[in-house]
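Scroll down for the structure; my scribbles are underneath it.
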Amino acid sequence: MDNIIGKLRNLDAYPKVNEDFYSRTLSGGVITLASSIVMVLLFISELRLYLHAVTETKLVVDTSRGETLRINFDVTFPALPCSLLSLDAMDISGEQHLDVKHDIIKKRLDSNGNAIEARPDGIGAPKIENPLQRHGGRLEHNETYCGSCYGGESADDECCNSCEEVREAYRKKGWALSNPDLIDQCKREGFLQRIKDEDGEGCNIYGSLEVNKVAGNFHFAPGKSFQQSNVHVHDLLAFQKDSFNISHKINRLTYGEYFPGVVNPLDSVQWRQDTPSATYQYFIKVVPTVYKDVSGNTIQSNQFSVTEHVKTAEVGRLQSLPAVFFFYDLSPIKVTFTEEHVSFLHFLTNVCAIVGGVFTVSGILDSFVYHGQKVIKKKMELGKFS
Numbered sequence: 069m070d071n072i073i074g075k076l077r078n079l080d081a082y083p084k085v086n087e088d089f090y091s092r093t094l095s096g097g098v099i100t101l102a103s104s105i106v107m108v109l110l111f112i113s114e115l116r117l118y119l120h121a122v123t124e125t126k127l128v129v130d131t132s133r134g135e136t137l138r139i140n141f142d143v144t145f146p147a148l149p150c151s152l153l154s155l156d157a158m159d160i161s162g163e164q165h166l167d168v169k170h171d172i173i174k175k176r177l178d179s180n181g182n183a184i185e186a187r188p189d190g191i192g193a194p195k196i197e198n199p200l201q202r203h204g205g206r207l208e209h210n211e212t213y214c215g216s217c218y219g220g221e222s223a224d225d226e227c228c229n230s231c232e233e234v235r236e237a238y239r240k241k242g243w244a245l246s247n248p249d250l251i252d253q254c255k256r257e258g259f260l261q262r263i264k265d266e267d268g269e270g271c272n273i274y275g276s277l278e279v280n281k282v283a284g285n286f287h288f289a290p291g292k293s294f295q296q297s298n299v300h301v302h303d304l305l306a307f308q309k310d311s312f313n314i315s316h317k318i319n320r321l322t323y324g325e326y327f328p329g330v331v332n333p334l335d336s337v338q339w340r341q342d343t344p345s346a347t348y349q350y351f352i353k354v355v356p357t358v359y360k361d362v363s364g365n366t367i368q369s370n371q372f373s374v375t376e377h378v379k380t381a382e383v384g385r386l387q388s389l390p391a392v393f394f395f396y397d398l399s400p401i402k403v404t405f406t407e408e409h410v411s412f413l414h415f416l417t418n419v420c421a422i423v424g425g426v427f428t429v430s431g432i433l434d435s436f437v438y439h440g441q442k443v444i445k446k447k448m449e450l451g452k453f454s
């Protein structure tokens, strides 16, 4: 047993120095105090990194196919009434969603920006009393109402029982509704009067769109859109207005779900129209993004960058559509953010490096100061220091 203890004693890599050979100095105490403070600060910094997750970023090629893209928006038009405003979406695959009404909420605003009324778009038309039938007569007792589509019928038995249905029938035919007062449904619903009553109001429109994951655009514009000779046209004659103010503020625009650290560059962006007519365009580059947190939860979302352009009406040029366009294109590169904790062994290694490094540097500094003081003191004793 004594032999084993003796061998272990010989293996001691840290031989002890007798206290009689210690020499304590003021400079050594100052350096020890300073090095201790540095050690504590570096240890706290390393501990914070260990306790908080770090995010690793990777770039990979996006090979996903057949997915959809969810666009969440909240846009305020302070000078465009809700009765005029419509939303269209289309993409390069040829799919179109004209006059989108599902998952859309419109909130009427007064001239001061205060909410007047909020309701889902396209819900609730005024009830017509004693309406005009398709055959020209008035609705008789126990007779089912079937209003005329005024030439817009796609079948003999098709009925248009509201102004909106007549406008929709005209849209499918590629026709513009020039004078709503000539349409019995529109006249009885007070279509033009409602537009006049809302003059000076604004509109806050918010909701979401589910579109194909390909390049495309969506836009807000006055009037109902339709296709005429393969050209996208908006019916503006029905509103009997010369100009439309498309000043707007984007309260929120996201492509997909929120994830920690995301920055949406169009949030709270606003633009004011100073000319009678203008078209505002946002060109957006969407970058698919995957975020994985420390718990293993995965969020499939997107980031985007944007550039802006405005086209104003000029003398001699064809007047452009007063609208706010959002053109988006998708990047072929996907960004992956992965949250992970630093391993304990890595943390322990860094702590040892901090302690050993500071201790070694402090020892070198203390030795330099101590021997420097001795040399200076010796020269002073010999009278060679001046």
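The numbering of the sequence shown is this note's numbering, which starts it at 69 and goes up by one. Idealized CB from N, CA, C, for every residue including glycine. If you're wondering where the values come from, they're calculated on a predicted model, not measured in any experiment.
Who pairs with residue i in a beta bridge, going by DSSP?
i: residue 122; result: 408
i: residue 373; result: 353
i: residue 346; result: 380
i: residue 318; result: 143 and 337
i: residue 174; result: 187 and 273
i: residue 285; result: 158 and 395
i: residue 313; result: Paired residue(s): none; residue 313 is not in a bridge.
i: residue 290; result: 153
i: residue 360; result: 366 and 406
i: residue 324; result: 369
i: residue 401; result: 129
i: residue 136; result: 280
i: residue 164; result: 158
If we count the other Cβ atoms within 10 Å of its Cβ and call it buried at 16 or more, is residue i buried or exposed?
i: residue 129; result: exposed
i: residue 439; result: exposed
i: residue 170; result: exposed
i: residue 192; result: Its pLDDT being 46, under 50, residue 192 is placed unreliably in this model, and the value from its coordinates should be taken loosely. So residue 192 ends up on the exposed side.
i: residue 441; result: exposed
i: residue 436; result: exposed
i: residue 162; result: exposed
i: residue 261; result: exposed
i: residue 246; result: exposed
i: residue 449; result: exposed
i: residue 385; result: In this predicted model, residue 385 has a pLDDT of only 49, less than 50, meaning its place in the structure is not dependable; the value taken from the coordinates is given anyway. Classification for residue 385: exposed.
i: residue 230; result: buried
i: residue 412; result: exposed
i: residue 133; result: exposed
i: residue 73; result: exposed
i: residue 239; result: buried
i: residue 318; result: buried
i: residue 99; result: buried
State the CB to CB distance for the pair residue i and residue j, rounded to an integer number of angstroms; the pair is presumed to be in contact (CB under 8 Å).
i: residue 322; j: residue 313; result: Actually they are not in contact, since the Cβ atoms of residue 322 and residue 313 sit about 26 Å apart, beyond 8 Å.
i: residue 256; j: residue 292; result: Residue 256 to residue 292, Cβ: 19 Å. No contact.
i: residue 389; j: residue 343; result: Going by Cβ atoms, the distance from residue 389 to residue 343 rounds to 14 Å, so no, they are not a contact pair.
i: residue 266; j: residue 151; result: 5 Å
i: residue 354; j: residue 399; result: 7 Å
i: residue 429; j: residue 107; result: In fact, because the Cβ distance is near 11 Å, the residues do not count as touching under 8 Å.
i: residue 405; j: residue 125; result: 6 Å
i: residue 315; j: residue 183; result: Residue 315 to residue 183, Cβ: 18 Å. No contact.
i: residue 434; j: residue 95; result: 7 Å
i: residue 102; j: residue 362; result: Their Cβ separation, rounded to whole angstroms, is 37 Å, which puts residue 102 and residue 362 out of contact at 8 Å.
i: residue 111; j: residue 422; result: 6 Å
Could you check whether residue j and residue i sit closer than 8 Å to each other, using their CB atoms as the reference points?
i: residue 369; j: residue 325; result: yes
i: residue 374; j: residue 352; result: yes
i: residue 282; j: residue 357; result: no
i: residue 136; j: residue 285; result: no
i: residue 114; j: residue 378; result: no
i: residue 349; j: residue 395; result: yes
i: residue 173; j: residue 188; result: yes
i: residue 253; j: residue 215; result: yes
i: residue 410; j: residue 177; result: no
i: residue 251; j: residue 218; result: yes
i: residue 288; j: residue 153; result: yes
i: residue 237; j: residue 220; result: yes
i: residue 277; j: residue 157; result: yes
i: residue 127; j: residue 401; result: yes
If you measure from the CB of residue i, is any heavy atom of the ligand ZN nearer than 7 Å?
i: residue 172; result: The model on display carries no ligand, and the ligand ZN is accordingly not part of it.
Less than 8 Å between CB atoms is the rule here; does residue i satisfy it with respect to chain B?
i: residue 150; result: Absence of chain B from the displayed structure is noted, only one protein chain being present.
Worksheet item: Can you find at least 3 beta carbon pairs, one from the segment 270 to 277 and one from the segment 131 to 145, that sit closer than 8 Å?
Response: yes
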